[in-house]
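*Asks:*
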Amino acid sequence: MFGRLVTLLIPMALTAAVTVVSGQTPTPAAARPLPVTVIKAGRLLDPDAGTVALNQVIVIEGERIKAVGANLAVPAGATVIDLSKMTVMPGLVDAHTHTTLTYKEQPENNYYYLTYVMESTPLRAIQGASNMIQLLNSGFTVVRDVGNNALYADTALRQAIEQGWLPGPTVIPSGPMIGSTGGQYWPTPEMYKYHNIMYPEYIDANSPDEIVRAVRENMLFGAKTIKLCIDCKPWMYSVDDIKLAIREAAQGGCKVEGHVQTAEGAQRSIDAGIYIIAHGNALTPDHHRQMAEKGIILAGTDTPLTSYRGSEAAFKRTVANLRDAWEKKVVLTFSTDFDYWNDRMRNEKTGEYLTRGELTLNFLETWKAARIPNADILKAMTINGYLAADVLKDRGPIKPGFYADLIATSGDPLTDIDALRAVQFVMKNGMVFKKDGVMTPEAFFHPGPVRTPTGRWTR
Ligand SMILES: [Zn+2]
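Position one of the sequence shown corresponds to residue 6 (the numbering used here), numbered consecutively onward.
#1: Taking 7 Å as the cut-off, is the C-beta of residue 455 nearer than that to any heavy atom in ligand 1?
#2: Helix, strand or coil: which one does DSSP assign to residue 421?
#3: Taking only the alpha-carbon atoms, compute the straight-line gap between residue 329 and residue 372 and give it to the nearest angstrom.
#4: Check each candidate in 129, 128 and 334 and name the one with the smallest Cα separation from residue 297.
#5: Among 396, 359 and 39, which residue has its Cα nearest to the Cα of residue 140?
#6: Quick one: what's got a C-beta closer than 6 Å to residue 163's C-beta in the same chain, skipping five residues either side?
#7: Cβ of residue 315 versus every heavy atom of ligand 1: is any distance shorter than 7 Å?
#8: Return no unless some Cβ of chain C is closer than 8 Å to the Cβ of residue 281.
#9: Enumerate, from N- to C-terminal direction, the unbroken alpha helix (DSSP H) stretches of 4 or more residues contained entirely within the segment 287 to 368.
#10: What's the C-alpha gap between residue 108 and residue 357?
#11: Per DSSP, which residues does residue 264 bridge with? Please list them.
#12: Give the single residue among 270, 299, 276 and 278 whose Cα lies nearest to the Cα of residue 285.
#13: Among 151, 38, 325 and 65, whose alpha-carbon lies nearest the alpha-carbon of residue 44?
#14: Taking the alpha carbon of residue 411 as the reference point, which residue from 38, 52 and 39 has its own alpha carbon closest?
#15: Expressed to the nearest angstrom, what Euclidean distance is found between the alpha-carbon atoms of residue 110 and residue 122?
#16: If I measure Cβ to Cβ from residue 11 and keep anything under 7 Å in the same chain, skipping five residues before and after, which residues do I get?
#17: Mind checking residue 318: buried by the 16 CB within 10 Å criterion, or exposed?
#18: Could you check what DSSP says for residue 14 in three-state terms: helix, strand or coil?
#19: Could you check the C-alpha separation between residue 252 and residue 287 for me, to the nearest Å?
#20: Which stretch, first to last residue, makes up the beta strand (DSSP E) that contains residue 99?
#21: Less than 8 Å separating the beta-carbons of residue 171 and residue 134?
#22: Nearest-angstrom Cα distance between residue 27 and residue 456?
#23: Counting beta carbon pairs with one atom in the segment 257 to 273 and one in the segment 223 to 232, are three or more of them shorter than 8 Å?
#24: Determine the contact status of residue 180 and residue 214, defining contact as a CB-CB distance below 8 Å.
#25: Rounded to whole angstroms, how far is the Cβ of residue 185 from the Cβ of residue 238, which I believe are closer than 8 Å?
#26: Determine whether the beta carbon atoms of residue 70 and residue 403 lie at a separation below 8 Å.
#27: Report yes if the CB atom of residue 98 is closer than 8 Å to the CB atom of residue 77, and no otherwise.
#28: How many Å lie between residue 132 and residue 182 at the Cα?
#29: Looking at ligand 1, does it come within less than 7 Å of residue 159, judged from the CB to the closest heavy atom?
#30: Assuming residue 252 is part of the alpha helix (DSSP H), what are its boundary residues?
#31: Are the beta-carbon atoms of residue 327 and residue 300 separated by less than 8 Å?
#32: What number of angstroms, rounded off, separates the C-alpha of residue 452 from the C-alpha of residue 166?
#33: By the DSSP assignment, the alpha helix (DSSP H) with residue 158 in it spans what residues?
#34: Would you decide whether residue 199 is buried or exposed? Buried here means 16 or more other CB atoms lie within 10 Å of its CB.
#35: For ligand 1, is there any heavy atom lying closer than 7 Å to the beta carbon of residue 342?
#36: How far does the alpha helix (DSSP H) with residue 137 in it reach, from first residue to last?
As structure tokens, then:
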């Protein structure tokens, strides 16, 4: 059999060699010159420094930024994009969301246990694809998608976007949340023991061996971050359990986020040196102080009070907690925990449904109510988000060598944060996704994998 394969392959190799000699093969993609795009930015916002530089030129070669500065020459043959009347800035990050879970008032009474019984992984993956496009349209170029994603719909989305099947933000998927006995569910014995009901929404890991196995499985299937349910049950993970998960995740290049809902869970996460704490509700001022000291990132998931979600009392608490975390100088990210839908999610003036991007940007209301300065909100939405997503080696800032992910709005978000609600221009990986306020996604669609993924084991 092997011999036959060799005899089949050799003539093919010879044919290829002859073709190369005759010089008739098309130029391979790698040898083709990369397209050059030049952006003329009227105002270029650096959220890290909180400053704006006027009349800057950004030169982009292929997917990456080549040069940034004033008075740069436009290379011959370059496509010029005139944003001279706009503020250009790096793309936004939602540091904690769920794009493939959409629980509803009808028919499941907001009970996501039922959503997962009623909606298949393929259906939920397609919902995620739509949500990703809507998020990119509002300027979100990086999204941490952390759990409740059916059977690895999140890692598939990352791969599909990376390979060039469809447009979307860079997805940092966690795979299923790892927890003990039932994840966030409280299943019946029948459902738990005989139907394994919590999988694939959660992976049960009840001992050190099971924690190691669960972390490895998620990384094997494409997770880029690990999400632990620290205290979903009263028998919560110990400091040693969390440390073990952090060590194991590090072997696959992943950082660990803890879902935290109690003060004790928060303290154990801090003591273990976790990378991100998700949900700010249970955190005390003393937790904030310790987090700031250790550089632990907060994904507070700060739900605003709107006609479609929230209560006044909960909103007051959320605002006070966010304010305290900011005062204590915790590394803050913009995060939503978005995973629901109802019929009231409409523009109050037009009656039209809000997009996932618009709903996400409504979380700005919490930050405004907490009187966080615009410069710090912008930092949370960009630089701190890239840190949380762990992409800073090649994605985020508008600097030479980095992927060209950038957005533009006609206002100035440093003086009016709501200018972010009117993103007119979006570029992802050097390709224009939105121009003059209209999606132009043609360049992103292909009938095959045109880009090589960065691989499951490398970042
Ligand atoms: Zn969440």
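Note that beta-carbon positions come from the ideal geometry of N, C-alpha and C, so glycine has one too.
*Replies:* On the basis of the supplied data:
#1: Reading the sequence shown from its first residue, position 450 is the one you call residue 455. No - ligand 1 has no heavy atom lying nearer than 7 Å to the Cβ of residue 455.
#2: Within the sequence shown, the letter at position 416 stands for residue 421. Coil, per DSSP.
#3: Residue 329 sits at position 324 when you count from the first residue of the sequence shown. Residue 372 sits at position 367 when you count from the first residue of the sequence shown. Their backbone Cα atoms lie some 12 Å apart in a straight line.
#4: Position 292 of the sequence shown, counted from the first residue, corresponds to residue 297. It is 334.
#5: Here residue 140 corresponds to residue number 135 of the sequence shown, with the count starting at 1. Nearest C-alpha to residue 140: 359.
#6: Your numbering for residue 163 matches position 158 in the sequence shown. The residues are 176 and 178.
#7: Taking the first residue of the sequence shown as position 1, residue 315 is located at position 310. Result no, Cβ not under 7 Å from ligand 1.
#8: Chain labels in this structure do not include chain C; a single protein chain is all it has.
#9: 290 to 299, 317 to 332 and 361 to 366
#10: Within the sequence shown, the letter at position 103 stands for residue 108. Within the sequence shown, the letter at position 352 stands for residue 357. So the two alpha carbons sit approximately 20 Å from each other.
#11: Working through the sequence shown from its first residue, we reach residue 264 at position 259. Residue 264 pairs with 234 and 283.
#12: For the purposes of this step, residue 285 is taken as the residue at position 280 of the sequence shown. Here the closest residue by C-alpha is 270.
#13: Counted from its first residue, the sequence shown places residue 44 at position 39. For the residues 151, 38, 325 and 65, the minimum Cα distance to residue 44 belongs to 65.
#14: Here residue 411 is taken as the residue at index 406 of the sequence shown, counted from 1. Per the Cα distances, 52.
#15: As a first step, residue 110 is located in the sequence shown; it is residue number 105 there, counting from the start. As a first step, residue 122 is located in the sequence shown; it is residue number 117 there, counting from the start. When rounded, the distance between both Cα atoms is 15 Å.
#16: Numbered from its first residue, the sequence shown carries residue 11 at position 6. Only weak support is given to the placement of residue 11: the predicted model assigns it a pLDDT of 41, under 50, and the value that follows is read from those uncertain coordinates. If we look at residue 11 and ignore the five residues flanking it on each side, it has no Cβ neighbours.
#17: If you number the sequence shown from 1, residue 318 lands on position 313. Exposed, since its Cβ has fewer than 16 Cβ neighbours within 10 Å.
#18: Your numbering for residue 14 matches position 9 in the sequence shown. At residue 14 the pLDDT is 43, less than 50, meaning the model places this residue with poor confidence and gives no usable figure here.
#19: Along the sequence shown, read from residue 1 onward, the residue named residue 252 stands at position 247. Along the sequence shown, read from residue 1 onward, the residue named residue 287 stands at position 282. Computed Cα separation, rounded: 25 Å.
#20: To locate residue 99, count along the sequence shown from 1; it is residue 94. Unbroken beta strand (DSSP E) run through residue 99: 97 to 102.
#21: Position 166 of the sequence shown, counted from the first residue, corresponds to residue 171. Position 129 of the sequence shown, counted from the first residue, corresponds to residue 134. Cβ distance < 8 Å, so residue 171 and residue 134 count as in contact.
#22: If you number the sequence shown from 1, residue 27 lands on position 22. If you number the sequence shown from 1, residue 456 lands on position 451. Caution is warranted here: a pLDDT of 44 is assigned to residue 27, below 50, making its placement in the model unreliable, and the coordinate value is therefore given only provisionally. For residue 27 and residue 456, the distance between alpha carbons rounds to 28 Å.
#23: yes
#24: As a working note, residue 180 is residue 175 in the sequence shown. As a working note, residue 214 is residue 209 in the sequence shown. For residue 180 and residue 214, no; Cβs fall outside 8 Å.
#25: Here the question's residue 185 lines up with position 180 in the sequence shown. Here the question's residue 238 lines up with position 233 in the sequence shown. That belief holds up - the Cβ atoms of residue 185 and residue 238 are roughly 6 Å apart, short of 8 Å.
#26: On the sequence shown, position 65 is the one that residue 70 refers to. On the sequence shown, position 398 is the one that residue 403 refers to. For residue 70 and residue 403, yes; Cβs fall inside 8 Å.
#27: If you number the sequence shown from 1, residue 98 lands on position 93. If you number the sequence shown from 1, residue 77 lands on position 72. Contact flag unset, no.
#28: Numbered from 1 along the sequence shown, position 127 holds the residue referred to as residue 132. Numbered from 1 along the sequence shown, position 177 holds the residue referred to as residue 182. Rounded to whole angstroms, residue 132 to residue 182 spans 19 Å at the Cα level.
#29: Here residue 159 is taken as the residue at index 154 of the sequence shown, counted from 1. Every heavy atom of ligand 1 is 7 Å or more from the Cβ of residue 159, so no.
#30: Taking the first residue of the sequence shown as 1, we reach residue 252 at position 247. Per DSSP, residue 252 belongs to the alpha helix (DSSP H) from 244 to 256.
#31: Taking the sequence shown and counting its residues from 1, the one referred to as residue 327 is at position 322. Taking the sequence shown and counting its residues from 1, the one referred to as residue 300 is at position 295. No, the Cβ-Cβ distance between residue 327 and residue 300 is not below 8 Å.
#32: Here residue 452 refers to the residue found at position 447 when the sequence shown is read from its first residue. Here residue 166 refers to the residue found at position 161 when the sequence shown is read from its first residue. Cα-Cα distance, rounded: 13 Å.
#33: Within the sequence shown, residue 158 is the residue found at index 153, counting from 1. Segment 158 to 168, the alpha helix (DSSP H) holding residue 158.
#34: As a first step, residue 199 is located in the sequence shown; it is residue number 194 there, counting from the start. Exposed: under 16 other Cβ atoms inside 10 Å.
#35: By 1-based counting over the sequence shown, the position of residue 342 is 337. Yes, since a heavy atom of ligand 1 falls inside the 7 Å radius drawn around the Cβ of residue 342.
#36: The residue given as residue 137 occupies position 132 in the sequence shown. It spans 126 to 142 - the alpha helix (DSSP H) in which residue 137 sits, taken as one unbroken run.
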